[in-house]
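Just below is one structure, and these are the notes that go with it.
Shown next as structure tokens:
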């Protein structure tokens, strides 16, 4: 497994890119909720993210038709991000 040590920086950049992708997709999912979130109390704050992990287990109950596709993409991106995070931390800490 330590043969992947040369790829540790690539794994780390893929992990960071996947994390950024997850943030963008979760903002898109926030717009496709079937039950709209409550309005913000203070308008000068950023829009709050109302996506819960339970929503991704049954996307047809919580998202409209376009949001269901984004939910599956979010699930795949989060799984790949987790894998890249584990691989990068393993190659950085266990192989040096």
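Numbering (our numbering), first residue to last: 4 to 99.
Glycine included, C-beta positions come from ideal geometry on N, C-alpha and C.
For the alpha helix (DSSP H) that residue i lies in, which residues bound it at each end?
i: residue 63; result: 62-65
i: residue 36; result: Run containing residue 36: none; DSSP gives neither H nor E here.
What do you get for residue i, buried or exposed, if any count of 16 or more other CB atoms within 10 angstroms of its CB means buried?
i: residue 74; result: buried
i: residue 65; result: buried
i: residue 89; result: exposed
i: residue 72; result: exposed
Per DSSP, what are the beta-bridge partners of residue i in this structure?
i: residue 86; result: For residue 86, which the question treats as bridged, DSSP gives no partner whatsoever.
Could you check what DSSP says for residue i in three-state terms: helix, strand or coil?
i: residue 98; result: coil
i: residue 56; result: helix
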